[in-house]
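Data block below; observations after.
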Amino acid sequence: MAMSELNRRRWRNFRSNGRAFWSLVIFSVLFVVSMFAEIVANDKPILVSYRGDLFVPAYRFYPETAFGGDFGTEAIYRDEAVQCLIVSGGREECWDDPEGYIEAVHDGSAGVPKAEQGWMIWPPVPYHFRTINNVGTAPSAPDGDHWLGTDDTARDVLARVIYGFRTSILFTLIVTVVASSIGIAAGAVQGYFGGRTDLIFQRVLEIWASTPSLYVIIILFAILGRSFWLLVFVTILFGWPALVGVVRAEFLRARNFEYVRAARALGVSDRKIMFRHILPNAMVATLTMLPFVVTGTISGLAALDYLGYGLPAGAASLGEMALQAKQNLQAPWLAFTAFFTFAIMLSLLVFVFEGIRDAFDPRKTFR
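Written out as structure tokens, the structure is:
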């Protein structure tokens, strides 16, 4: 589908804003990497070859018996015995000296035919965000094995950052899209119709804004338990009024313009006038507020995780990492990681939305 001339102009304006464009590129790369976190940071191999067959443990469950083991539970791929079974094609000799037998297979002295020899491809970060590495003290400083160190339960910090980044962005996208859609629709109805409709909506908003959201979250989590989708629902429930005021003001200003009166005189429906004629002119003011909605959503999720009322226990959470940084002042790498993760993520998002806002502003043109 061909892009209209107006949208081409908006894209040229956005592309000319170097800070916004490169922020979008960097953020897109980081987001795409986090979306494939299972093949970037995982304690399971990306691909396994066993007796000529291929397996994808990063995305599927395979019992140990699938590789010649004795147990029906999921194979522990970091176990040397399981690795030996895969490499040697399920030889029983692996149980005696796994490490030595693996070397013998690679040297060719074990007598395993080439057709039965297996291999494994591991992710760049061989740890899942739940993987506990019980070697040494915790938290441990960054080294060649853990690039950003470990937290106070010996979990890899880099893996938790990757998964936590994905969780935060997905949470923010869902909440922002749904809450903004509700808020824009409500503000449009208020501003366009005015009068008694506007008066009733304003009183409802005043009552709703005075509701203590944190207490509601605590009560709901105490009754229903903590979950990702419950947190999304509650955040949308209290987040949709953020854009109502600015959209209402733009519609109140534009509803008596000449082109709106002309459209009414021609018999154009109210819905088409609101969302096809007035709303595009109100987008600049709306997009001006959108960065605050996005950053506020991310900060709100982090604050709830920090207080213990956010994502379920054990989930990859950037707010929980900040809490660990406060509780482990002797491990400064936790504080630096949390700070720079939030700083980079929020800065990139603000720059991107600033560029989008300026691209929709007809008064601004970039060279």
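Under our numbering, the first residue of the sequence shown is numbered -17, with each subsequent residue one higher. Backbone N, C-alpha and C define an ideal beta-carbon position, used for all residues, glycine too.
When the options are compared against residue i, the one with the closest alpha-carbon
{"i": "Pro194", "options": "Val214, Ala170 and Gly221", "result": "Gly221"}
{"i": "Ile326", "options": "Gly0, Gln65, Pro95 and Leu12", "result": "Leu12"}
{"i": "Ser329", "options": "Asn(-5), Tyr241, Arg1 and Phe(-4)", "result": "Arg1"}
{"i": "Asn(-11)", "options": "Gly282, Glu302, Phe322 and Pro262", "result": "Pro262"}
{"i": "Ala97", "options": "Gly72, Tyr59 and Arg243", "result": "Gly72"}
{"i": "Tyr109", "options": "Ala244, Ala231, Pro27 and Ser10", "result": "Pro27"}
{"i": "Thr208", "options": "Gly177, Leu289, Asp78 and Leu311", "result": "Note that residue 208 is Arg in the sequence shown here, rather than Thr. The shortest Cα separation from Arg208 among Gly177, Leu289, Asp78 and Leu311 belongs to Leu289."}
{"i": "Val275", "options": "Arg178, Val159 and Thr179", "result": "Val159"}
{"i": "Ile62", "options": "Gly54, Gln309 and Pro80", "result": "Here residue 62 turns out to be Glu, not Ile, going by the sequence shown. Checked all of Gly54, Gln309 and Pro80; the closest Cα to Glu62 is Pro80."}
{"i": "Ala295", "options": "Ala264, Val242 and Phe210", "result": "Phe210"}
{"i": "Pro106", "options": "His88, Gly118, Ala236 and His128", "result": "His128"}
{"i": "Leu155", "options": "Glu188, Val214, Val242 and Ser192", "result": "Val214"}
{"i": "Tyr41", "options": "Thr55, Phe53 and Ile21", "result": "Ile21"}
Where the beta strand (DSSP E) through residue i begins and ends
{"i": "Asp35", "result": "Asp35 to Phe37"}
{"i": "Ser31", "result": "Leu29 to Tyr32"}
7 Å Cβ shell around residue i - same chain, five flanking residues per side excluded
{"i": "Val332", "result": "Pro273 and Thr277"}
{"i": "Ile84", "result": "Gln65, Cys66 and Val69"}
{"i": "Thr132", "result": "Asn115, Ala120, Pro121, Ser122, Asp138 and Val139"}
{"i": "Ala245", "result": "Ile255 and His259"}
{"i": "Trp190", "result": "Pro223"}
{"i": "Ala86", "result": "Ala92"}
{"i": "Glu75", "result": "Tyr83"}
{"i": "Phe37", "result": "Val30 and Tyr44"}
{"i": "Thr179", "result": "Val171 and Gln172"}
{"i": "Ser5", "result": "Leu330, Phe333 and Val334"}
{"i": "Val242", "result": "Ala236, Ile255, His259 and Ile260"}
{"i": "Ala136", "result": "Ile114, Asn115, Asn116 and Ala120"}
{"i": "Ile8", "result": "Leu330"}
Same chain, Cβ closer than 6 Å to residue i, neighbours up to 5 away in sequence not counted
{"i": "Ile199", "result": "Val216 and Tyr291"}
{"i": "Ala317", "result": "Ala307"}
{"i": "Met256", "result": "Ala170 and Tyr174"}
{"i": "Tyr32", "result": "Phe49, Ile68 and Gly100"}
{"i": "Tyr145", "result": "Ala19, Phe111 and Ala298"}
{"i": "Phe335", "result": "Leu272 and Pro273"}
{"i": "Met303", "result": "Ala320"}
{"i": "Ala284", "result": "Leu300 and Gly301"}
{"i": "Gly337", "result": "Phe(-4), Asn(-1) and Ala2"}
{"i": "Arg339", "result": "Leu269 and Thr270"}
{"i": "Thr113", "result": "Asp25"}
Residue i: first and last residue of the uninterrupted alpha helix (DSSP H) it sits in
{"i": "Met265", "result": "Leu261 to Leu289"}
{"i": "Trp101", "result": "No alpha helix (DSSP H) holds Trp101; the beta strand (DSSP E) holding it covers Trp101 to Ile103."}
{"i": "Cys76", "result": "No alpha helix (DSSP H) holds Cys76; DSSP gives it neither H nor E."}
{"i": "Ala212", "result": "Before going further, note that residue 212 is Leu rather than Ala in the sequence given. Phe210 to Gly221 is the span of the alpha helix (DSSP H), which, as asked, contains Leu212."}
{"i": "Val242", "result": "Glu240 to Ala247"}
{"i": "Ile326", "result": "Pro314 to Phe342"}
{"i": "Val228", "result": "Val226 to Ala236"}
{"i": "Lys96", "result": "Here Lys96 belongs to no alpha helix (DSSP H), and DSSP marks it neither H nor E."}
{"i": "Met303", "result": "Leu300 to Gln309"}
Test item: CB-CB of residue i and residue j under 8 Å
{"i": "Val69", "j": "Trp104", "result": "no"}
{"i": "Leu140", "j": "Ala23", "result": "yes"}
{"i": "Thr279", "j": "Ile166", "result": "no"}
{"i": "Arg(-3)", "j": "Phe3", "result": "yes"}
{"i": "Phe324", "j": "Leu300", "result": "yes"}
{"i": "Met17", "j": "Arg148", "result": "yes"}
{"i": "Val266", "j": "Phe342", "result": "yes"}
{"i": "Leu152", "j": "Trp315", "result": "no"}
{"i": "Ile205", "j": "Val157", "result": "no"}
{"i": "Arg361", "j": "Gln312", "result": "This structure cannot speak to residue 361, because the chain is shown only from -17 to 349."}
{"i": "Asp35", "j": "Arg60", "result": "no"}
{"i": "Asn310", "j": "Asp134", "result": "yes"}
{"i": "Leu234", "j": "Gly282", "result": "no"}
{"i": "Ala264", "j": "Glu240", "result": "no"}
{"i": "Ala360", "j": "Phe183", "result": "For residue 360 there is no data in the structure shown, the boundaries of the chain being -17 and 349."}
Chain-order list of residues whose beta-carbon lies under 8 Å from that of residue i (same chain, five-residue window excluded)
{"i": "Ala57", "result": "Pro39, Tyr44, Pro45, Glu46, Ala48, Phe49, Gly51 and Val64"}
{"i": "Met271", "result": "Ala224, Leu225 and Val228"}
{"i": "Phe203", "result": "Leu212 and Tyr291"}
{"i": "Trp77", "result": "Ala63"}
{"i": "Val186", "result": "none"}
Worksheet item: At what residue ranges does the stretch 124 to 200 contain a whole run of the alpha helix (DSSP H), taking only runs of 4 or more?
Response: 139 to 175 and 177 to 191
Practice prompt. Could you tell me which uninterrupted beta strand (DSSP E) segments, each at least 3 residues in length, are contained entirely in the stretch -8 to 68, listed from first to last along the chain?
Written response: 29 to 32 and 35 to 37
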